[in-house]
Amino acid sequence: MNDMVTADVGRICLSRAGRDRGRYFMVTARDGENYVLVADGVVRKLAKPKKKKIKHLKMTPIVLEGIAQKLAEGTKVFDAELRSAIIQTGLIVQKEE
């Protein structure tokens, strides 16, 4: 499954198909065996995550443990918190104003 890296909650992944191809997301939940829910805090908010097939995602070895733990506990996670965590991974560069 995707280079032997599992689609765990909190894992950063790259979309390989669809109109969001090339964007990095975080897995927010599993939905059955072949699907996950993903959000990035910008285009896809945590309140309305995108349902994607796992085969359309490339999983990275990076896991956002803090956010994954909050989601597991049911604690509120803000979109800005998710956005900044993805930016801090260094996978995407924030545009300078």
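Okay, so the sequence shown: first residue is 113 according to this note's numbering, each after it adds one.
All C-beta atoms in this analysis are idealised placements derived from N, C-alpha and C, irrespective of residue type, glycine included.
| Check | Outcome |
| --- | --- |
| Backbone secondary structure at ASP132 - three-state DSSP | coil |
| Close-in-space but distant-in-sequence residues of the same chain around GLY153 (CB under 6 Å, 5 per side omitted) | ASP191, LEU194 and ARG195 |
| Simplified DSSP assignment, three categories, for GLY202 | coil |
| Range covered by the alpha helix (DSSP H) that runs through LEU183 | 177-185 |
| Own chain partners of ARG138 with C-beta closer than 8 Å, once the 5 adjacent residues on each side are dropped | Per the sequence shown, the amino acid found at residue 138 is Met instead of Arg. These residues qualify, in order along the chain: GLY122, ARG123, ILE124, CYS125, VAL150, ALA151, ASP152, LEU176, ILE179, LEU194, ALA197 and ILE198. |
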